[in-house]
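The structure under discussion appears below in the form of structure tokens.
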Amino acid sequence: MDSDNSCDRHVTYVPATAILSAKIVIAGYFGVGKTTLVGSVSQVEPLRMEESITEASVGVDDLRRTPHKSDTTVGMDFGRIHLSDLVLYLFGTPGQTRFRVIWEGLTEGALGALVLVDTRRLDDSHEVLEFLEEQGIPYAVAINTFADAPEYPLEEVRQALSLEDHTPLTTCDARDRRSCVLALITLVEYVNDRRVTVPLVESRS
Numbered sequence: 056m057d058s059d060n061s062c063d064r065h066v067t068y069v070p071a072t073a074i075l076s077a078k079i080v081i082a083g084y085f086g087v088g089k090t091t092l093v094g095s096v097s098q099v100e101p102l103r104m105e106e107s108i109t110e111a112s113v114g115v116d117d118l119r120r121t122p123h124k125s126d127t128t129v130g131m132d133f134g135r136i137h138l139s140d141l142v143l144y145l146f147g148t149p150g151q152t153r154f155r156v157i158w159e160g161l162t163e164g165a166l167g168a169l170v171l172v173d174t175r176r177l178d179d180s181h182e183v184l185e186f187l188e189e190q191g192i193p194y195a196v197a198i199n200t201f202a203d204a205p206e207y208p209l210e211e212v213r214q215a216l217s218l219e220d221h222t223p224l225t226t227c228d229a230r231d232r233r234s235c236v237l238a239l240i241t242l243v244e245y246v247n248d249r250r251v252t253v254p255l256v257e258s259r260s
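FYI, in the numbering used here the residues of the sequence shown are 56 to 260.
Here it is as structure tokens:
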């Protein structure tokens with residue numbers, strides 16, 4: 056799918072029309088597309104904290120499904136997107152569970168999380184989902200549509216991930232801005248519908 060990243064990235068300030076801002080976590084297992092998604096939707100140049108994958112990763116990081124991956128997030132990815140009167144600050148987590156302490160820091164004060172999953176590795180997502188549930192973070196799940204990944208009915212994916220009926224489940228292409236924005240909107244609407252007290256603050260330009 057062709058990507059569309061012409062999203063006014065030259066705008067580096069919070070628009071004066073913005074009323075609220077919220078922190079959104081982009082979560083998911085190693086190599087599932089979190090960095091790509093943040094880069095696709097961010098209206099500012101995304102901040103990335105990555106390291107090159109070396110021989111030290113052998114036996115630690117599963118590269119079988121991502122043989123061409125040369126870097127991995129070790130701190131976070133950061134981006135920002137302005138949706139109507141809401142500014143979302145996006146924080147992408149490292150995928151590996153050994154960075155759990157970073158997960159804890161990044162989810163603190165978050166409105167919610169968008170969890171990316173890969174149908175080739177659904178089992179890998181359980182630890183991420185369990186962590187978010189432990190932290191009490193509401194989340195939506197988006198299937199990143201890799202070209203060589205099998206397609207399953209959403210209900211089968213829901214069952215495989217043991218998702219509650221009310222948990223939003225959608226699809227996106229992490230390279231495509233429009234589909235990623237729709238996934239973020241799905242998350243925000245879900246949290247809003249839950250009428251959860253969330254950490255929204257006034258934005259200052």
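Backbone N, C-alpha and C fix where the C-beta goes; we use that ideal spot for every residue, glycine too.
For R233 and V183, what's the separation of their Cα atoms in angstroms? 25 Å
Find out if the Cβ-Cβ distance for the pair L171, G83 is shorter than 7 Å. yes
Are L161 and T148 closer than 7 Å when you measure CB to CB? yes
Going by the CB atoms, is the gap between A238 and L166 shorter than 7 Å? no
Could you check where the beta strand (DSSP E) with T241 kicks off and where it finishes? Taken as a continuous stretch (DSSP letters only), T241 belongs to no beta strand (DSSP E), being part of the alpha helix (DSSP H) at R232 to R249.
Backbone secondary structure at H221 - three-state DSSP: coil
Distance CB(L242)-CB(A195) smaller than 7 Å: yes
Helix, strand or coil for I157? Go by DSSP, reduced to three states. helix
Cα-Cα separation between N247 and P193, rounded to whole angstroms: 10 Å
Expressed to the nearest angstrom, what Euclidean distance is found between the alpha-carbon atoms of L75 and E185? 29 Å
Sequence-distant residues of its chain with Cβ nearer than 7 Å to T90 (five each side left out): R103, T128, D132 and G147
Between the Cα of R175 and the Cα atoms of E244, T226, Q190 and F201, which residue gives the shortest distance? F201
Please tell me whether V96 and I136 are closer than 7 Å, where the distance is taken between their beta carbons. yes
Just the Cα atoms here: how many angstroms apart are E159 and L216? 22 Å
Run through DSSP, which three-state label would D228 get? coil
Are there 16 or more other CB atoms within 10 angstroms of the CB of D220, so buried, or fewer, so exposed? exposed
Using only the alpha-carbon positions, how far apart do D231 and V156 sit? 30 Å
Looking only at its chain, what residues have a beta carbon closer than 6 Å to the beta carbon of P205, apart from the 5 residues adjacent to it on each side? T174
By Cβ distance below 7 Å, which residues in the same chain neighbour R249 in space, the five residues on each side in sequence not counted? P193
So, helix, strand or coil for G88, using DSSP? coil
Based on Cα-Cα distance, which residue from C235, L218 and T222 lies nearest to D178? L218
Between G150 and G86, what straight-line distance do the alpha-carbon atoms span, to the nearest angstrom? 7 Å
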